[in-house]
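Take 1 as the starting number for the sequence shown in UniProt numbering and just add one per residue. By construction, the Cβ of each residue, glycine as well, lies at the ideal position given by its N, Cα and C atoms. In what follows, a single structure is set out as structure tokens and then discussed.
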Amino acid sequence: MIELKTPSEIEAMKPAGRFVGSILKDLKAMTKVGTNLLDIDDYVRQRIESCKGAESCYVDYAPDFGTGPFAHYICTSVNDAVLHGVPYDYKLKDGDLVSLDLAISVDGWVGDSAISFVVGQDADPEDLRLIKCTEDALVAGIAQAQPGNRLGDISAAIGDVARSQGYTVNVEFGGHGVGHVMHGDPLVPNDGKAGRGYRLRPGLVIAIEPWFLATTDEIFQDPRDGWTLRSEDGSRGAHSEHTIAITENGPQILTVRD
């Protein structure tokens with residue numbers, strides 16, 4: 001069921017969004033060559049435990065698309081992994097492409113956001129182009145989140161950006177409603193037809209999250225952890241996400257990182 005938030009409820013969601021955004025901003029600045037993924041996970045744990053009213057949305061989360069409960073505080077996807085990456089004992093290398101996806105509840109309201117970046121100095125220009133495409137697609141999708149538009153307008157804008165830059169789009173996983181739970185209705189695919197689908201209304205809060213792979217749109221679930229989604233051909237992936245509220249005055253980003 002799609003739930004619309006009141007203006008006061010959207011205000012109540014902002015602390016969670018700001019908290020998630022601030023952690024991702026700090027992690028991007030802190031993550032270097034040699035940083036261990038488990039240290040990233042532990043840093044998020046400490047930040048959550050230090051914030052009154054904050055709870056992880058990931059620990060013990062067990063949806064039908066994963067194998068067993070997720071046991072960590074953040075998703076860390078590296079190189080050919082693009083979604084749901086499980087932190088493990090791995091030290092990042094120069095040139096690794098890292099995607100960090102974080103969802104936290106504060107006082108019962110959820111913020112959900114993701115960023116991708118390259119670690120170190122040896123960045124492949126193609127990785128940077130892929131990351132920028134997800135960011136451009138996110139901007140385009142948010143721009144279409146206007147009252148009176150349709151859900152398909154957001155999806156079409158995302159897909160158009162991907163195709164214009166030579167990437168294909170997988171629609172198995174995409175954006176979603178956000179509120180008291182991390183994953184709610186409606187689904188927000190990363191491709192679609194403009195003018196189709198649910199009519200956008202003030203009070204709708206959604207996560208918009210373009211993710212693309214360099215040379216394929218096919219993924220598989222890593223059998224070693226039952227969660228991490230990797231590209232079928234080993235090519236790299238990138239992921240950008242914001243939680244936004246649709247208001248009378250247009251979209252408002254709740255997971256700001258500035």
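Counting only runs of 4 or more residues that sit fully inside the segment 20–89, the alpha helix (DSSP H) segments are 37–49, in chain order. Taking the CA atoms as reference points, Met30 sits about 35 Å from Lys5.
Take Tyr73, set aside five residues on each side of it, and the residues of its chain with a beta-carbon closer than 7 Å to its own are Asp41, Val44, Arg45, Ile48, Ser56, Tyr58, Val59, in chain order. The segment 109–117 makes contact with the segment 14–30; the number of CB pairs closer than 8 Å reaches 3 or more. Counting only unbroken stretches of 4 or more residues, the alpha helix (DSSP H) elements lying wholly within the segment 122–201 are 125–143, 151–164, in sequence order.
Boundaries of the beta strand (DSSP E) harbouring Leu100: 97–106, taken from the DSSP string. Here Arg236 carries a coil assignment [DSSP, helix/strand/coil]. Excluding residues up to 5 positions away in sequence, Met13, Ala16, Cys57, Ala103, Ile104, Val178, Gly179, His180, Val181, Met182, Thr243 lie with their Cβ nearer than 8 Å to the Cβ of Val110 in the same chain. Taken atom to atom, the span from the alpha-carbon of Arg257 to that of Ala245 is near 16 Å. The C-alpha of Tyr88 is placed about 35 Å away from the C-alpha of Ile10. Using a 10 angstroms sphere on the CB of Thr67, the tally of other CB atoms stays under 16, which defines it as exposed.
In this structure, the straight-line span from the alpha carbon of Phe65 to that of Val205 is close to 23 Å. Taking 8 Å as the upper bound for CB-CB distance, Gly85 and Val118 are not in contact here, some 16 Å apart. With respect to Asp153, Gln165 sits apart: the two C-beta atoms are not nearer than 8 Å. A contact is defined here as three or more CB-CB pairs under 8 Å, and the segment 121–139 fails this definition with respect to the segment 219–231. The C-alpha of Pro7 is placed about 27 Å away from the C-alpha of Ala194.
The Cβ atoms of Val98 and Val78 sit closer than 8 Å to each other. Beta-bridge partners assigned by DSSP to Trp109: Val106. By the neighbour-count criterion, in which 16 or more other beta carbons inside 10 Å mark a residue as buried, Ser240 falls on the buried side.
With respect to Leu138, Ile208 sits close: the two C-beta atoms are nearer than 8 Å. Going by DSSP, Leu92 is part of no beta strand (DSSP E) at all; its letter is neither H nor E. Secondary structure note for Leu229: its beta strand (DSSP E) is the uninterrupted segment 229–231. Spanning the alpha carbons of Gly184 and Asn170 requires a straight line of approximately 20 Å.
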